[in-house]
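Protein chains in written order, with the numbering used here: chain B, 1 to 205; chain D, 1001 to 1218. Glycine is no exception: its CB is placed at the ideal position from the N, C-alpha and C atoms. Quick caveat: nothing in here was measured; it's all calculated off a predicted structure.
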């Protein structure tokens, strides 16, 4: 599969934030989104995840291809690490959770409640969910927030392995994940400008 | 899909809150009303069906905002919306889970509490039947209201205002079934209407609620 964007525009709260996005992402490739805060990285990811309709243009994706990892990890604090992960595995058709637990170094925390984990451990559990979805396209919104250096390296390895099996990833991040093969998309040139360029004094002229 | 239902039940039991609170409220109401009304004449027996239904309805209302708000806060609702399960099924399962932890326990304790309210003996089977038929509508209508208010901070009051008018038909026919049952009158009409409200709500509202959630997630 591949991801194709045709002149895509995305809007937040009815205001277009990005426009004219066109690219193709081939299997095994990652795309890093760069842009300042508020430039529309999250909005673009939510649009690709199907949570909101595009404001213009279109994108091509096979159905059921996307695994989305948002700012919030979707963890239930009263469930244990294993229960949280088993739930998502069951939702996505029940793959075993052990490889995901090992890949993100969660094995020692199996019986801990998610509410008792540190911020970084919660993040690792949230990212482990990606592995049990079995989806080819990962949409990652600031995946390395609250991860330490070792965990970032661990996670970069997980992403690289995913790409190695023909997966795709679109990643909004400010941290260098050390993925040499990743394409970088700078969102700055695509930011939508306000149509009215004249000052507000125009109304009084 | 079973996983979602089991998760919601497990969360309801572990977190407490909703499930115990509704039952405690129902119990308190049924204990306090006889103390307030007093034992004279047949007053208590006459108002018992209405009190029991109002109690069940308000107890149900207490835990409604938890149906989607908690999942929205921790981000699971976004993730469920992108999961392979259709959102309509998510709504239906969450309403079912809500019914299993509120409507069903309320139905089971209602005959015991009806003793406090001096409900005539002939009314007991109809009390259980009317609650079993009516409470699913409370959960599904409530899930619809919760879906409409999902993104709002402190949406609880708005949720009550939206949902209570929709509960009125269920309340009227539910209480009517018990009243007629207690007085050994014909009750086919209110029973059929009560059942049809529940069936209609279960059939249609998951679609409306899923549409509301999609709009609220944008």
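In chain D, which residues lie less than 9 Å from residue 59 of chain B when you measure between Cβ atoms?
To locate residue 59 of chain B, count along the first chain from 1; it is residue 59. Neighbours of residue 59 of chain B on chain D: none; closest Cβ ~15 Å, over 9 Å.
DSSP bridge partner residues for residue 33 of chain B (one or two, in chain order):
Here the question's residue 33 of chain B lines up with position 33 in the first chain. According to DSSP, which records beta bridges pairwise, residue 33 of chain B is partnered with B/172 and B/185.
Just the chain D side, please: which residues come within less than 9 Å of residue 74 of chain B by C-beta, in chain order?
Walking along the first chain from the start, residue 74 of chain B turns up at place 74. Result: 1071, 1074, 1075, 1076, 1077, 1078, 1079 and 1080.
Any beta carbon from chain D within less than 8 Å of residue 144 of chain B's own beta carbon?
Translated into the one-based positions of the first chain, residue 144 of chain B becomes position 144. Not one chain D Cβ lies under 8 Å of residue 144 of chain B.
Is the beta carbon of residue 99 of chain B less than 8 Å from the beta carbon of residue 131 of chain B?
As a first step, residue 99 of chain B is located in the first chain; it is residue number 99 there, counting from the start. As a first step, residue 131 of chain B is located in the first chain; it is residue number 131 there, counting from the start. Their beta carbons are under 8 Å apart, which means residue 99 of chain B touches residue 131 of chain B by this criterion.
Between D/1051, D/1065, D/1079 and D/1140, which has its C-alpha nearest residue 1091 of chain D's C-alpha?
In the second chain, residue 1091 of chain D corresponds to position 91, counting from 1. Residue D/1140 is the option with its Cα nearest to residue 1091 of chain D.
Residue burial classification, residue 84 of chain B (beta-carbon count within 10 angstroms, cutoff 16):
In the first chain, residue 84 of chain B corresponds to position 84, counting from 1. Residue 84 of chain B is buried by the Cβ-count criterion.
Nearest residue (CA-CA) to residue 116 of chain B, options B/78, B/153 and B/13
Within the first chain, numbered from 1, the residue matching residue 116 of chain B stands at position 116. It is B/78 whose Cα lies nearest to the Cα of residue 116 of chain B.
Determine the direct distance from the alpha carbon of residue 1135 of chain D to that of residue 1119 of chain D, and round the result to whole angstroms.
Here residue 1119 of chain D is taken as the residue at index 119 of the second chain, counted from 1. Here residue 1135 of chain D is taken as the residue at index 135 of the second chain, counted from 1. Roughly 20 Å between the two C-alpha positions.
Count the other CB atoms within 10 Å of the CB of residue 1026 of chain D; is the residue buried (16 or more) or exposed (fewer)?
Walking along the second chain from the start, residue 1026 of chain D turns up at place 26. So residue 1026 of chain D counts as buried.
The stretch 1006-1030 of chain D: which residues have C-beta closer than 9 Å to a C-beta of chain B, in chain order?
1006, 1007, 1010, 1011, 1014 and 1015
Go through its chain and collect everything with a Cβ distance to residue 966 of chain D's Cβ below 8 Å, but skip five positions before and after it.
Since the first and last residues shown for chain D are 1001 and 1218, residue 966 of chain D lies out of range.
When B/137, B/145, B/149 and B/141 are compared against residue 162 of chain B, the one with the closest alpha-carbon
By one-based count along the first chain, residue 162 of chain B stands at place 162. The shortest Cα separation from residue 162 of chain B among B/137, B/145, B/149 and B/141 belongs to B/137.
What number of angstroms, rounded off, separates the C-alpha of residue 139 of chain B from the C-alpha of residue 1144 of chain D?
Walking along the first chain from the start, residue 139 of chain B turns up at place 139. Walking along the second chain from the start, residue 1144 of chain D turns up at place 144. Cα-Cα distance, rounded: 30 Å.
Report the residue ranges of all beta strand (DSSP E) runs contained in full by the stretch 1165-1216 of chain D; include only those spanning at least 3 residues, in chain order.
none
Run through chain D and tell me which residues come within less than 8 Å of residue 91 of chain B, C-beta to C-beta.
By 1-based counting over the first chain, the position of residue 91 of chain B is 91. What residue 91 of chain B touches in chain D: 1003, 1004, 1080, 1083, 1084 and 1085.
Assigned exposure category for residue 23 of chain B - 16 Cβ within 10 Å defines buried:
If you number the first chain from 1, residue 23 of chain B lands on position 23. With fewer than 16 other Cβ atoms within 10 Å, it is exposed.
Using a Cβ cut-off of 8 Å (strictly closer), state whether residue 1217 of chain D contacts chain B.
Translated into the one-based positions of the second chain, residue 1217 of chain D becomes position 217. Output row for residue 1217 of chain D: interface = yes.
Residue 19 of chain B: first and last residue of the uninterrupted beta strand (DSSP E) it sits in:
Mapped onto the first chain, residue 19 of chain B falls at position 19. Segment 15-25, the beta strand (DSSP E) holding residue 19 of chain B.
With the cut-off set at 8 Å, would you say residue 134 of chain B and residue 1079 of chain D are in Cβ contact?
Looking up residue 134 of chain B in the first chain gives position 134. Looking up residue 1079 of chain D in the second chain gives position 79. No, these two residues do not count as a Cβ contact at 8 Å.
Does chain D have any CB closer than 8 Å to the CB of residue 157 of chain B?
Position 157 of the first chain, counting from 1, holds the residue named residue 157 of chain B. No - not a single Cβ of chain D is within 8 Å of the one on residue 157 of chain B.
Could you tell me whether the Cβ atoms of residue 142 of chain B and residue 71 of chain B are closer together than 8 Å?
Numbered from 1 along the first chain, position 142 holds the residue referred to as residue 142 of chain B. Numbered from 1 along the first chain, position 71 holds the residue referred to as residue 71 of chain B. Going by C-beta atoms, residue 142 of chain B is nearer than 8 Å to residue 71 of chain B.
Can you grab the Cα-Cα spacing for the pair residue 1089 of chain D / residue 1194 of chain D, in whole Å?
Position 89 of the second chain, counted from the start, is the residue given in the question as residue 1089 of chain D. Position 194 of the second chain, counted from the start, is the residue given in the question as residue 1194 of chain D. Approximately 24 Å, taken between the alpha carbons.
For residue 79 of chain B, would you say it is in contact with chain D, using Cβ-to-Cβ distances shorter than 8 Å as the test?
Indexing the first chain from 1 puts residue 79 of chain B at position 79. Residue 79 of chain B counts as touching chain D.
May I ask which residues mark the beginning and end of the beta strand (DSSP E) holding residue 60 of chain B?
On the first chain, position 60 is the one that residue 60 of chain B refers to. Unbroken beta strand (DSSP E) run through residue 60 of chain B: 56-60.
Three-state secondary structure assigned by DSSP to residue 1124 of chain D:
For the purposes of this step, residue 1124 of chain D is taken as the residue at position 124 of the second chain. Correct three-state label for residue 1124 of chain D: helix.
Can residue 187 of chain B and residue 39 of chain B be called in contact, C-beta distance under 8 Å?
For this step, residue 187 of chain B is matched to residue 187 along the first chain. For this step, residue 39 of chain B is matched to residue 39 along the first chain. Their beta carbons are under 8 Å apart, which means residue 187 of chain B touches residue 39 of chain B by this criterion.
Under 8 Å between C-beta atoms, does residue 169 of chain B make it to chain D?
Stepping through the first chain from its first residue, residue 169 of chain B is reached at position 169. Closer than 8 Å: no.
Straight-line CA distance for residue 1051 of chain D to residue 1203 of chain D?
On the second chain, residue 1051 of chain D is found 51 positions in, with the first residue counted as 1. On the second chain, residue 1203 of chain D is found 203 positions in, with the first residue counted as 1. Roughly 28 Å separates the two Cα atoms.
For a contact meaning CB atoms closer than 8 Å, what does residue 207 of chain B contact in chain D?
The question about residue 207 of chain B has no answer, for chain B in this structure spans 1 to 205.
Does any CB atom of chain D fall closer than 8 Å to the CB of residue 22 of chain B?
In the first chain, counting from the first residue as 1, residue 22 of chain B sits at position 22. So no, residue 22 of chain B is outside the interface.
Determine the extent of the beta strand (DSSP E) in which residue 148 of chain B is found, giving its start and end residues.
Within the first chain, numbered from 1, the residue matching residue 148 of chain B stands at position 148. Run containing residue 148 of chain B: none; DSSP gives neither H nor E here.
Under the rule that 16 or more other beta-carbon atoms within 10 Å means buried, what is residue 1181 of chain D, buried or exposed?
Within the second chain, residue 1181 of chain D is the residue found at index 181, counting from 1. It is buried - the Cβ of residue 1181 of chain D has at least 16 other Cβ atoms within 10 Å.
Please give me, in chain order, every unbroken run of the alpha helix (DSSP H) with length at least 4 that falls completely inside the stretch 1106-1165 of chain D.
1124-1148
Answer yes or no: does any C-beta atom of chain D fall closer than 8 Å to that of residue 153 of chain B?
Counted from its first residue, the first chain places residue 153 of chain B at position 153. Not one chain D Cβ lies under 8 Å of residue 153 of chain B.
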